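Report on the following structure.
Protein chains in written order, with our numbering: chain A, 169 to 553; chain B, 39 to 303.
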């Protein structure tokens with residue numbers, strides 16, 4: 169009987185074109201946009217060329233300082249600042265009239281750099297030009313010290329050697345945020361329309377009464393409907409991840425380069441799939457309870473909105489943490505643990521203790537939510553409008 | 039208030055539905071509403087009972103209680119020997135219900151899929167389901183739209199389908215709650231013909247209605263409810279004789295004015 173109800177609910181869920189649009193197409197589009205956004209974020213500035221406004225009468229010496237910037241094109245302007253304000257360039261540089269003479273005289277040459285740090289392009293250009301000026305300054309200082317018979321190395325009081333323990337591609341951090349975020353949103357957004365339709369929708373359309381008049385046990389009904397919501401979540405999660413994986417593999421460069429599971433590939437993908445499955449059932453249980461409480465589809469959707477927000481909130485909590493900074497709490501706390509465990513897996517760490525904690529915590533929550541749902545589903549108030 | 043201690047009444051073994059001193063109160067945070075107040079009457083096998091009452095009188099609450107969907111606050115309802123609270127599944131197997139103009143159908147499924155689904159829920163085998171769908175298709179003239187999605191059905195088609203859905207398991211007892219509400223004349227006539235057909239099959243039927251002509255045409259027994267209390271239950275012809283009138287509308291209104299004990303309510 170369970171299977172018969174489940175089969176009917178699944179067919180019914182995927183027959184609705186509007187639900188199908190919200191359930192499948194929307195998450196895929198959203199996640200694709202997110203993938204390409206992250207890709208562009210990583211590659212931002214890499215292939216970019218910039219235009220820097222300089223004065224028309226810029227000296228050959230000054231041009232040499234800037235000439236080493238191969239991505240920067242110089243635009244000679246009567247008023248460089250105005251050219252920047254007019255949007256013709258991303259930044260402007262104005263050397264003081266006596267810049268060359270002052271530098272030659274062993275004094276500080278003044279330079280004015282004009283830009284807008286709110287603009288990513290302008291920030292990038294200012295960063296590049298500042299770097300060039302700093303390099304030029306080092307050369308000038310070294311020359312001055314040599315002229316004074318002082319070894320330029322005297323200026324280096326501390327020699328810092330930075331050693332990075334993380335051998336992963338730095339872009340893996342972006343993927344570690346992107347993948348759990350994609351999963352959370354896809355499962356939540358994907359399963360929500362079905363969840364709302366399956367209980368609140370049945371109450372609204374009065375099919376619930378017809379259903380309750382059949383000699384089918386309410387627990388069986390509840391379980392079949394719960395399995396449907398969770399299955400829709402699992403299916404959407406898998407489809408979305410598959411689409412994103414294809415997009416990363418064929419249409420991105422940096423994100424693709426960041427993925428390297430090494431020898432643990434099977435374990436990482438297997439465990440990733442397992443925690444995703446359990447997480448879908450957890451989200452399904454939460455959405456089920458909002459639908460039972462809602463008298464109409466609209467009401468159920470209103471109740472599920474805060475859940476959607478809670479689903480993505482943990483990303484902000486763990487986004488700045490390295491995998492070695494995760495504590496037991498990160499793997500026990502529902503909502504947070506899916507982000508923590510997927511981050512660990514994406515960094516190539518397969519910690520079965522953490523996986524057990526994550527799955528166990530979600531299963532306990534599922535059982536508690538299911539018991540509450542069963543109690544609600546036996547009450548006249550929640551079953552019939 | 040018309041209450042009878044059914045357990046003390048003379049029983050003839052033909053009792054199908056025994057409503058025994060039933061009270062149903064809905065409790066909100068601050069408000070307590072008594073939808074049914076010590077209602078008692080018995081429906082025998084093969085009877086067609088018309089349940090009359092104003093909006094909010096308690097008709098739907100009574101039908102839902104008989105249908106095991108609501109639990110009485112006090113009293114007991116026994117259907118074919120089974121208590122509605124203790125043995126709801128035994129009752130559900132023997133009862134078909136159609137509530138208040140709602141069809142209880144899934145719009146994205148075809149008529150056949152709807153019937154097959156409910157047949158499965160009533161534990162009918164594949165063979166029984168096929169035979170029953172054939173019978174109902176013939177009975178209700180549904181052949182032309184059996185394999186079409188319910189979404190595009192007219193009200194009349196929906197109503198036929200809804201009744202077919204409610205009786206897919208060939209129940210002995212059928213409850214209809216204002217089944218012709220919102221239906222046009224043609225669809226209403228279809229329903230009336232179907233009830234006549236079910237009557238000839240010996241089904242026990244209770245249906246609530248505002249339409250006195252419909253009740254007069256189809257019912258042999260009348261139950262009247264006012265503000266949760268039963269103000270009359272008995273044979274239709276006996277009521278006409280007692281009131282010296284065959285105008286059910288007039289009788290109903292005068293009953294409301296006089297109340298259960300002959301006093302104005």
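The C-beta atom is built at its ideal place from N, Cα and C for all residues, glycine as well.
Being a predicted model, the structure only gives us computed values, none of them experimental.
At 8 Å on the CB atoms, spell out the chain A contacts of residue i, in chain order.
i	result
residue 156 (chain B)	378 and 382
residue 149 (chain B)	The premise fails here: residue 149 (chain B) is roughly 14 Å from chain A at the closest Cβ pair, so nothing lies under 8 Å.
residue 131 (chain B)	383
Identify whether residue i lies in helix, strand or coil by the three-state DSSP scheme.
i	result
residue 414 (chain A)	helix
residue 265 (chain A)	coil
residue 124 (chain B)	coil
residue 380 (chain A)	helix
residue 548 (chain A)	helix
residue 295 (chain B)	helix
residue 257 (chain A)	coil
residue 185 (chain A)	helix
residue 327 (chain A)	coil
residue 92 (chain B)	coil
residue 60 (chain B)	strand
residue 287 (chain A)	coil
residue 71 (chain B)	strand
residue 116 (chain B)	strand
residue 302 (chain B)	Low confidence applies to residue 302 (chain B): its pLDDT is 44, below 50, so where it sits in the model is not reliable enough to give any reading.
residue 240 (chain B)	coil
residue 246 (chain A)	coil
residue 268 (chain B)	strand
residue 419 (chain A)	helix
residue 263 (chain B)	strand
residue 298 (chain A)	helix
residue 278 (chain B)	helix
residue 237 (chain A)	coil
residue 111 (chain B)	coil
residue 78 (chain B)	strand
At a CB-CB cut-off below 7 Å, which residues of chain A make contact with residue i?
i	result
residue 142 (chain B)	374, 375, 377 and 378
residue 180 (chain B)	Residues of chain A passing the Cβ test: none, with the nearest at roughly 18 Å.
residue 135 (chain B)	381
residue 146 (chain B)	180, 183 and 184
Tell me, to the nearest whole angstrom, how far the beta carbon of residue i is from that of residue j; I am working on the premise that it is less than 8 Å.
i	j	result
residue 142 (chain B)	residue 203 (chain B)	6 Å
residue 473 (chain A)	residue 159 (chain B)	About 33 Å; that fails the 8 Å criterion.
residue 306 (chain B)	residue 198 (chain B)	Any property of residue 306 (chain B) remains undetermined from this structure, which presents chain B solely from 39 to 303.
residue 282 (chain A)	residue 260 (chain A)	4 Å
residue 432 (chain A)	residue 491 (chain A)	Between residue 491 (chain A) and residue 432 (chain A) the Cβ distance is about 14 Å, and since that is not below 8 Å, they are no contact.
residue 130 (chain A)	residue 505 (chain A)	Residue coverage of chain A in this structure runs from 169 to 553, which leaves residue 130 (chain A) outside it and unanswerable.
residue 177 (chain A)	residue 366 (chain A)	6 Å
residue 392 (chain A)	residue 170 (chain A)	5 Å
residue 72 (chain B)	residue 53 (chain B)	At roughly 26 Å, the Cβ-Cβ gap does not stay under 8 Å, so residue 72 (chain B) and residue 53 (chain B) are not in contact.
residue 84 (chain B)	residue 240 (chain B)	5 Å
residue 268 (chain A)	residue 229 (chain A)	5 Å
residue 248 (chain B)	residue 216 (chain B)	7 Å
residue 264 (chain A)	residue 257 (chain A)	20 Å between Cβ atoms; not a contact.
residue 239 (chain A)	residue 219 (chain A)	Between residue 219 (chain A) and residue 239 (chain A) the Cβ distance is about 10 Å, and since that is not below 8 Å, they are no contact.
residue 151 (chain A)	residue 447 (chain A)	Past the edges of chain A, shown from 169 to 553, lies residue 151 (chain A), and the structure says nothing about it.
residue 514 (chain A)	residue 344 (chain A)	5 Å
Find the residues of chain A that neighbour residue i, judging by a C-beta separation of less than 9 Å, and give them in chain order.
i	result
residue 105 (chain B)	377, 380 and 381
residue 193 (chain B)	Under the 9 Å cutoff, chain A gives no residues; its nearest Cβ is about 15 Å from residue 193 (chain B).
residue 108 (chain B)	548 and 552
Cβ closer than 8 Å: which chain B residues qualify as neighbours of residue i?
i	result
residue 484 (chain A)	By Cβ distance, chain B contributes nothing, its closest Cβ being about 38 Å from residue 484 (chain A), past 8 Å.
residue 172 (chain A)	155, 158 and 159
Who are the neighbours of residue i on chain B, taking C-beta pairs under 7 Å?
i	result
residue 176 (chain A)	155
What in chain B is Cβ-close to residue i, meaning under 9 Å?
i	result
residue 476 (chain A)	What residue 476 (chain A) touches in chain B: nothing, since even the nearest Cβ is about 25 Å away.
Members of the region 160–171 of chain B near chain A, C-beta cut-off 9 Å: Listed by position along the chain: 160 and 161.
Inside the region 340–373 of chain A only - alpha helix (DSSP H) runs reaching at least 4 residues: Listed in chain order, the complete alpha helix (DSSP H) runs (minimum 4 residues) inside the region 340–373 of chain A are 340–364 and 370–373.
Residues of the region 388–403 of chain A whose Cβ lies closer than 8 Å to any Cβ of chain B, in chain order: The region 388–403 of chain A vs chain B, Cβ under 8 Å: nothing.
The region 201–233 of chain B: positions lying closer than 8 Å to chain A by Cβ: Result list: 203 and 204.
Cβ-based contacts, 7 Å cut-off: residues of the region 110–127 of chain B near chain A: Per Cβ criterion, the list reads 127.
The region 181–204 of chain A: positions lying closer than 7 Å to chain B by Cβ: Within the region 181–204 of chain A, 183 and 184 place their CB atoms closer than 7 Å to a CB of chain B, listed in sequence order.
Selection of the region 233–258 of chain A by Cβ proximity to chain B, strictly under 9 Å: Correct list: empty, as no residue qualifies.
Unbroken stretches of the beta strand (DSSP E), 3 residues or longer, contained in the region 175–238 of chain B: Those beta strand (DSSP E) runs which fall completely within the region 175–238 of chain B and span 3+ residues are 211–215.
Residues within the region 270–281 of chain B neighbouring chain A, beta-carbon criterion of under 9 Å: The residues in question: there are none.
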